[in-house]
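> Here the UniProt record's numbering is used: the first residue of the sequence shown is 1, the next is one more, and so on.
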Amino acid sequence: MDSVPPPSREMTRRSFVARSALLPFVWASLSGCSSGDGKDGKGRVAHRCPSWPVSPLSPGTPLWPVRFKGYGASLSLSGRWLAGGGKDQKLWLRDARTGRLVWDRAAERSATPGDGAEHQDNPQVLAVKGRVLAGGGDGYLADQAVALCAADGKVLWRRDIPGGQSMEIAVSGDVVGIIAQHDVFGLSLRTGEVLWRLVVSQAAGLVSHGRMFLFTCRDVESPYGAMGVDRESGDVVWDERVADSNYVDIKVADGLAHLLATRVVEEAQDDGTIVFATVPGEVRSIDAETGKVAWNRSMPLSGDWLIGGGCVFVQTNDRLFALLRDTGETAWSMPIPSDTNVQLAFHEGSLFASRSGFADEKGFLIALDPATGKERWRLDDSDFSPVIPGPPGMLLANPDGGTVSALETTAGDVIWSSRFKGPVQAVTDELVYCHDGEEISVYDVTSGDPYYGQG
1 MDSVPPPSRE MTRRSFVARS ALLPFVWASL SGCSSGDGKD GKGRVAHRCP SWPVSPLSPG
61 TPLWPVRFKG YGASLSLSGR WLAGGGKDQK LWLRDARTGR LVWDRAAERS ATPGDGAEHQ
121 DNPQVLAVKG RVLAGGGDGY LADQAVALCA ADGKVLWRRD IPGGQSMEIA VSGDVVGIIA
181 QHDVFGLSLR TGEVLWRLVV SQAAGLVSHG RMFLFTCRDV ESPYGAMGVD RESGDVVWDE
241 RVADSNYVDI KVADGLAHLL ATRVVEEAQD DGTIVFATVP GEVRSIDAET GKVAWNRSMP
301 LSGDWLIGGG CVFVQTNDRL FALLRDTGET AWSMPIPSDT NVQLAFHEGS LFASRSGFAD
361 EKGFLIALDP ATGKERWRLD DSDFSPVIPG PPGMLLANPD GGTVSALETT AGDVIWSSRF
421 KGPVQAVTDE LVYCHDGEEI SVYDVTSGDP YYGQG
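1. Mapping DSSP to helix, strand and coil, what is ALA106?
2. By Cβ distance, which residues of its chain are closer than 6 Å to GLY85, with the 5 residues on each side in sequence left out?
3. Residue ranges of each beta strand (DSSP E) run of no fewer than 3 residues wholly in the segment 175-230, ordered along the chain?
4. Short check: CB of GLY349 to CB of SER385, under 8 Å?
5. What are the partner residues of CYS311, as DSSP defines its beta bridges?
6. For GLY72, name the three-state secondary structure that DSSP assigns.
7. Are the CB atoms of GLY291 and VAL237 nearer to each other than 8 Å?
8. Between the beta-carbon of LEU368 and the beta-carbon of GLU361, is there less than 8 Å?
9. Please state if the CB of LEU189 and the CB of VAL207 are separated by a distance shorter than 8 Å.
10. Once DSSP output is grouped into helix, strand and coil, what is the label at GLU266?
11. Given this structure, state the Cα-to-Cα distance separating THR327 from ALA261, to the nearest angstrom.
12. Let me check one thing: in DSSP terms, what residues is MET394 bridge-paired to?
13. Distance check for THR372 and PRO335, CA to CA, integer angstroms please.
14. For LEU214 and GLY255, what's the separation of their Cα atoms in angstroms?
15. Tell me which residues share the same chain as ARG131 and place their Cβ nearer than 8 Å to its Cβ, disregarding the 5 neighbours each side in the sequence.
16. What did DSSP end up calling LEU91 once you bin it into helix, strand or coil?
17. Leaving out five residues on either side along the sequence, give the residues of the same chain with a beta carbon under 6 Å from the beta carbon of SER76.
18. Within its chain, find whatever has a CB closer than 8 Å to the CB of ARG231; leave out the 5 residues flanking it on each side and keep chain order.
19. Let me confirm a value: PRO280 is counted as buried when at least 16 other C-beta atoms fall within 10 Å, else exposed. Which label applies?
20. Give me the Cα-Cα distance between GLY422 and LEU396, rounded to the nearest whole angstrom.
21. Give the straight-line distance between the Cα atoms of LYS251 and ALA277, rounded to the nearest whole angstrom.
22. In whole angstroms, give me the CA-to-CA distance for VAL220 and MET227.
23. With DSSP collapsed to three states, give me the class of ARG419.
24. So ARG297 and VAL242 are in contact, right, with Cβ under 8 Å, and what is the actual spacing, rounded?
25. On the criterion of 16 or more Cβ atoms from any shown chain inside 10 Å, does SER447 qualify as buried, or is it exposed?
26. Tell me, which residues are paired with VAL66 by DSSP?
27. May I ask you to report which of helix, strand or coil DSSP gives GLY281?
28. Just confirm the distance between the C-beta atoms of VAL424 and VAL404, as a whole number of angstroms; I'd bet it's less than 8 Å.
29. Under three-state DSSP, which class holds THR403?
30. Looking at LEU301: is its Cβ nearer than 8 Å to the Cβ of THR316?
31. Who are the Cβ neighbours of PRO337 in its own chain at under 7 Å, not counting the five residues just before and after it?
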C-alpha cells in the first residue's frame, strides 16, 4: 500500500500552489484483466480494466430483497449497476435490476483503524467510469481509499489518506477529489497517484464543475465560505468567505456557484443569560470558474433552498422568495402557511413547497409556477412532505420511510400508497431502492409493489 507523505510546507487557503511530491505507484496484480491486446496470459479474450461488466447477468431466481448491513452513503447506483460496502467488510457490485451479485471482494483492513469503538464500517462508495471507488468510515477502510475494476472487482490501486474517516469522494475528468479530516486531496483516477494535497479545515460539500472542485470550508482564523480548486494542480482559484456566518451551503447550476450563509449572534437577556438569535444571512452567487461575485442578497433565511427554473428559491420566515439566478433580483415572493421550515422540490417545470402537520398546525403541499409564483394546485391538511422527484409525471412523498405515496405532478392525485421498508435511497424510471440498515428492498415505481428481481 502506498502512503501519502505529509505536506512539505504548511498549505492554507492563502497558498495558491498546494502540491505534494508525486509518488511512484504500484499496479495491483490483475488476473483476468487486460490493458493491452485484450487477451489474458493463455490467449483468451479478457475484458479491459477499468470497465463495467459486459452486460447484466441473465434472468434467474429472484433475489430482491438482499441483505446489506450498512449505511445509505455506502451505496452507489450507476446506471444498471449498484455498488456497496457494509459491515461484513466486503465491497460488491450487483445487477441493479435483478439484484444478482456480480462480484464481492473482502476489503483489506486498514492498518490504522478509526476511533469509533464499535467500528461502524460505513465507507463512502462511488461507482463511476468503470470503477468502484470506496474509502473512509470507522472500520476497514478508515484512512484509505481504494479503486476496484467494476467488471471483476480486482484492485486497481489503494492509497492511504490521513484523517480519512469522514470522507467525501467526487470525480472530475481523470482526477478523484477526496475530502478528509483536515485536507483535500487530488488523486489520479487511473493510478491513485497523489497529484496534490491542500490543508483546509472543515471542508464539506464536495462537488465537481468543469475543471474545478468546489466545496465549503472554514479555517480557525477565517469565517465560513467556499473554495474553487483546479482539479489538475490543486491551485486555489478562488476563496470566498462570508463574514460572521455560522453555516454555509453550496449549490452549482449553469456556471454559477450559489452560497447560502446563515448567521447567529449571542444576545444578553435581562436576567444575565445568553441566548442565540438568528440574524439576516446572505445569498451570494459566484462565477464557478473565476470566483467573481455576480451578486449577493442580505435577508433572513430559514428552511430549505434550491435552484431551478432560472431562480434561486429561499424561505424567509413566513414568505417564499424567488431570486433571479443571474442577478439576484426578486422575481416574486409569496406568503406560505407557516414560518416553520418548508421543504422544496423542483420537478418537470414546477416548484413544490411542503410541510408535514404537527401539533395543531396542518400540513400542506403546494405546486407553483416557478416563473411567477402562481399556484397550480394545493393539498391542504396534507402529510405529503417532503416530496422528491420520481419518473416523468410522478412525485414520491414521505421518502424517509413508512408509507410512501406516488403523486401525479399536474394535479396532486394519489397514484398509489405503499409501505416501504426503510428510507428511499434512489429512484429510476422503473424502480425505487430502499435501505433500512439491514437489507435493500426494491419496489415497482408504477405500482408501489415489492419488486422481486425477475427479468
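Don't be surprised by glycine CBs; every beta carbon is placed ideally from N, CA and C.
The relevant details are as follows:
1. strand
2. SER74, LEU91, PRO123, VAL125 and ALA134
3. 175-179, 183-188, 194-199, 204-209, 212-217 and 225-230
4. no
5. GLY308 and LEU324
6. helix
7. yes
8. no
9. No.
10. Strand, per DSSP.
11. Each residue's alpha carbon lies about 18 Å from the other.
12. In the DSSP assignment, MET394 is bridged to GLU408.
13. 14 Å
14. 12 Å
15. PRO50, ALA147, LEU148, CYS149, ALA150, LEU156 and LEU189
16. strand
17. ALA83, VAL125, LEU126 and ALA127
18. SER172, GLY173, VAL175, GLY177, GLY186, SER208, ARG211, MET212 and PHE213
19. Classification for PRO280: exposed.
20. 14 Å
21. 26 Å
22. 15 Å
23. Collapsing the DSSP output to three states places ARG419 in a strand.
24. Taking a contact as a CB-CB distance under 8 Å, the pair ARG297 and VAL242 does not count as one, their CB atoms being some 12 Å apart.
25. Classification of SER447: exposed, given that the 10 Å Cβ count is below 16.
26. ILE440
27. strand
28. 7 Å
29. Shown here, THR403 sits in a strand according to DSSP, grouped into three states.
30. yes
31. PHE364
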